[in-house]
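With UniProt numbering applied, the sequence shown corresponds to residues 1 to 560, in that order. A short worksheet on the structure shown next.
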Amino acid sequence: MGNTCRGSFGGKDVKSFNQPEKRSSIKKDPSSNKVKNSNPQHFIAQGPLKNVNPGLKSLVVPEQDEAMNRHGSNQAFYVIGHKTANIRDHYTLGQKLGQGQFGTTYLCTENSTGIDFACKSISKRKLISKEDVEDVRREIQIMHHLAGHSNIVTIKGAYEDPLYVHIVMELCNGGELFDRIIQKGNYSERKAAELIKIIVGVVQACHSLGVMHRDLKPENFLLVNKDDDFSLKAIDFGLSIFFKPGQIFSDVVGSPYYVAPEVLLKHYGPEADVWTAGVILYILLSGVPPFWAETQQGIFDAVLKGNIDFESDPWPLISDSAKDLIQKMLTSRPSDRLTAHKVLCHPWICENGVAPDNALDPAVLSRLKQFSVMNKLKKMALRVIAESLSEEEIAGLKEMFKAMDTDNSGATTFDELKAGLRKFGSTLKDTEIRDLMDAADVDNSGTIDYGEFVAATIHLNKLDREEHLVAAFQYFDKDGSGYITVDELQQACADHHMTDFLVEDIIKEVDQDNDGRIDYGEFVAMMTKGNAGVGRRTMRNSVNISMRDSPRARDSPRAL
Numbered sequence: 001m002g003n004t005c006r007g008s009f010g011g012k013d014v015k016s017f018n019q020p021e022k023r024s025s026i027k028k029d030p031s032s033n034k035v036k037n038s039n040p041q042h043f044i045a046q047g048p049l050k051n052v053n054p055g056l057k058s059l060v061v062p063e064q065d066e067a068m069n070r071h072g073s074n075q076a077f078y079v080i081g082h083k084t085a086n087i088r089d090h091y092t093l094g095q096k097l098g099q100g101q102f103g104t105t106y107l108c109t110e111n112s113t114g115i116d117f118a119c120k121s122i123s124k125r126k127l128i129s130k131e132d133v134e135d136v137r138r139e140i141q142i143m144h145h146l147a148g149h150s151n152i153v154t155i156k157g158a159y160e161d162p163l164y165v166h167i168v169m170e171l172c173n174g175g176e177l178f179d180r181i182i183q184k185g186n187y188s189e190r191k192a193a194e195l196i197k198i199i200v201g202v203v204q205a206c207h208s209l210g211v212m213h214r215d216l217k218p219e220n221f222l223l224v225n226k227d228d229d230f231s232l233k234a235i236d237f238g239l240s241i242f243f244k245p246g247q248i249f250s251d252v253v254g255s256p257y258y259v260a261p262e263v264l265l266k267h268y269g270p271e272a273d274v275w276t277a278g279v280i281l282y283i284l285l286s287g288v289p290p291f292w293a294e295t296q297q298g299i300f301d302a303v304l305k306g307n308i309d310f311e312s313d314p315w316p317l318i319s320d321s322a323k324d325l326i327q328k329m330l331t332s333r334p335s336d337r338l339t340a341h342k343v344l345c346h347p348w349i350c351e352n353g354v355a356p357d358n359a360l361d362p363a364v365l366s367r368l369k370q371f372s373v374m375n376k377l378k379k380m381a382l383r384v385i386a387e388s389l390s391e392e393e394i395a396g397l398k399e400m401f402k403a404m405d406t407d408n409s410g411a412t413t414f415d416e417l418k419a420g421l422r423k424f425g426s427t428l429k430d431t432e433i434r435d436l437m438d439a440a441d442v443d444n445s446g447t448i449d450y451g452e453f454v455a456a457t458i459h460l461n462k463l464d465r466e467e468h469l470v471a472a473f474q475y476f477d478k479d480g481s482g483y484i485t486v487d488e489l490q491q492a493c494a495d496h497h498m499t500d501f502l503v504e505d506i507i508k509e510v511d512q513d514n515d516g517r518i519d520y521g522e523f524v525a526m527m528t529k530g531n532a533g534v535g536r537r538t539m540r541n542s543v544n545i546s547m548r549d550s551p552r553a554r555d556s557p558r559a560l
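Spelled out as structure tokens, the structure:
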């Protein structure tokens with residue numbers, strides 16, 4: 001269940017992880033949360049891109065067709081650094097489980113044992129820069145380095161072929177942490193203490209082995225077994241990095257709501273992971289993040305200010321010990337922040353600690369549910385907008401696509417997309433074009449086809465254009481009554497295989513006049529209060545904090 005103050009994670013030879021089960025799981029790639037809402041009581045989350053869909057038909061990773069490999073040099077280049085065995089000699093790849101920014105995850109079965117695992121297949125064509133290649137190589141190294149901890153997903157092996165890097169790992173089919181909390185219904189400070197003890201235990205294990213995680217968030221913790229809360233596993237180390245004591249890092253990575261102030265100031269170390277764990281604890285106890293704003297820059301400003309709200313509900317009913325721990329984890333100056341080891345020794349969290357077992361306000365569960373599901377509804381609405389473009393609008397994009405597809409293959413590479421956008425007068429930066437490509441390439445092939453191109457290029461215009469919003473609203477409003485009802489939303493969710501939550505809760509969240517349905521104005525308010533998530537590359541390469549405009553910028557010590 002993580003480490004306590006009586007000892008630290010001692011080595012890699014500990015083999016206490018759970019046996020993988022022969023079922024399906026969800027594995028996600030890192031992306032970031034960007035949320036906008038002026039009322040923390042009605043927090044609307046836009047979590048990481050996740051195309052996890054139980055209703056999807058089985059899908060197998062494409063065979064190694066030479067025609068697909070338009071970058072022939074990949075055949076002589078090894079991301080892992082050496083030649084590996086053919087994954088298909090050892091595993092049978094099956095159903096698609098999830099899809100993220102860099103890779104697609106499949107169910108895979110070990111041929112010799114019949115045991116199911118998860119396989120993340122990363123398209124080598126999406127590894128555009130040397131930095132991308134190093135990230136994947138380091139992720140594999142770190143997973144091997146951390147192997148043996150009971151709350152870190154176990155890597156089974158890594159394989160490489162001309163098109164993909166395949167990472168085979170333990171299967172986590174118990175669902176997300178927040179979904180489990182919501183499902184159980186009863187929730188207390190003591191339960192939150194048990195969960196954060198596991199999470200901080202992972203942080204301590206990483207730090208004791210010289211690894212900084214850098215992207216802790218609830219979505220990166222899954223359950224191996226849905227009936228065992230202690231089977232919680234950290235699943236994603238794509239942004240993790242090795243560090244030495246005293247080493248300072250400056251690249252901005254992570255997810256906006258969880259990022260530490262010193263990361264924004266580009267001068268940080270492993271203490272940033274403890275800050276992020278403190279943010280998760282705040283959310284576990286209240287259902288909303290401690291630092292929020294209408295814009296991404298506003299979020300960063302709030303993080304830099306560091307003002308924590310302990311006055312609003314449910315905080316008056318939360319124990320002083322819990323608030324004391326959060327305050328010490330969210331101290332702006334890293335040198336004053338608790339270490340992971342000291343967090344585990346805090347009275348609220350340690351064994352036989354003082355965390356009350358009284359049930360928390362039901363509103364906390366409700367907010368956690370919105371945190372988990374609102375992103376799904378928003379993504380569905382954006383897909384509807386993309387599909388609602390008229391033939392006239394699409395005709396221009398079709399010609400644009402043809403001009404970019406210089407070899408008439410029916411798909412454009414990053415270089416073709418960049419050259420084509422420049423030709424058409426685009427002023428997008430390379431990093432923005434990469435994010436556009438990442439958003440468009442839904443099948444993670446490393447190229448985008450015509451359909452993907454259309455869906456992506458509408459992002460060059462305002463997605464909140466009136467006609468687009470009208471079309472999306474009309475899609476949900478099946479009977480043309482001017483309102484989206486529970487039944488209509490239920491049908492739309494079923495059509496998009498989004499059946500893992502109650503639409504009544506979404507109606508309540510969006511329905512401002514409490515008439516039990518969503519009118520057009522309420523729909524527009526929902527759509528315009530959130531933006532697409534900030535991609536992994538964007539956080540690293542494009543987020544430039546203006547030191548003149550950011551609070552605390554002048555008076556915050558650089559050598560934190």
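Backbone N, C-alpha and C fix where the C-beta goes; we use that ideal spot for every residue, glycine too.
| Query | Result |
| --- | --- |
| Length of the line joining the Cα atoms of Pro261 and Val274 | 12 angstroms |
| Cβ contact (3+ pairs, closer than 8 angstroms) linking the segment 109-116 and the segment 130-141 | no |
| Cα-Cα separation, Ile448 to Met437 | 7 angstroms |
| Among Leu417, Val263, Phe243, Leu330, nearest to Val252 - alpha-carbon criterion | Val263 |
| Residue range of the unbroken beta strand (DSSP E) whose run includes Ala234 | 232-234 |
| Enclosing beta strand (DSSP E) for Ile167 [first to last residue] | 164-169 |
| Residues near Phe476 by beta carbon distance below 7 angstroms, same chain, minus five either side | Ile484, Glu488, Leu489, Ala492 |
| Any alpha helix (DSSP H) of 4 or more consecutive residues that is wholly inside the segment 217-286 | 261-264, 271-286 |
| Alpha-carbon spacing of Ile283 relative to Pro314, whole angstroms | 11 angstroms |
| Chain-order list of residues whose beta-carbon lies under 6 angstroms from that of Gln327 (same chain, five-residue window excluded) | none |
| Residue span of the alpha helix (DSSP H) that contains Ser123, given as start and end | Unbroken run through Ser123 is the beta strand (DSSP E), 116-123; no alpha helix (DSSP H). |
| Three CB pairs or more closer than 8 angstroms across the segment 156-163 and the segment 81-95 | yes |
| contact_flag[the segment 204-224, the segment 301-309] where n(CB pairs < 8 angstroms) is 3 or more | no |
| CB-CB length for Val224 against Gly148, believed under 8 angstroms | About 15 angstroms; that fails the 8 angstroms criterion. |
| Euclidean distance between Cα positions of Glu131 and Cys119 | 22 angstroms |
| Rounded C-alpha distance that separates Asp407 from Phe401 | 12 angstroms |
| Per-residue DSSP class, three states only, for Glu416 | helix |
| Residues sharing a beta bridge with Tyr483, DSSP | Asp519 |
| Beta-carbon proximity list for Tyr520, same chain, < 6 angstroms, skipping 5 on both sides | Phe473 |
| For Leu330 and Arg214, the rounded distance between their alpha carbons | 16 angstroms |
| Integer-rounded CB distance, given that Glu176 should sit under 8 angstroms from His139 | The displayed chain sequence assigns Glu, not His, to residue 139. Actually they are not in contact, since the Cβ atoms of Glu139 and Glu176 sit about 21 angstroms apart, beyond 8 angstroms. |
| Beta-carbon spacing of Ser121, Gly103 below 9 angstroms | yes |
| Close-in-space but distant-in-sequence residues of the same chain around residue 566 (CB under 7 angstroms, 5 per side omitted) | The question about residue 566 has no answer, for the chain in this structure spans 1 to 560. |
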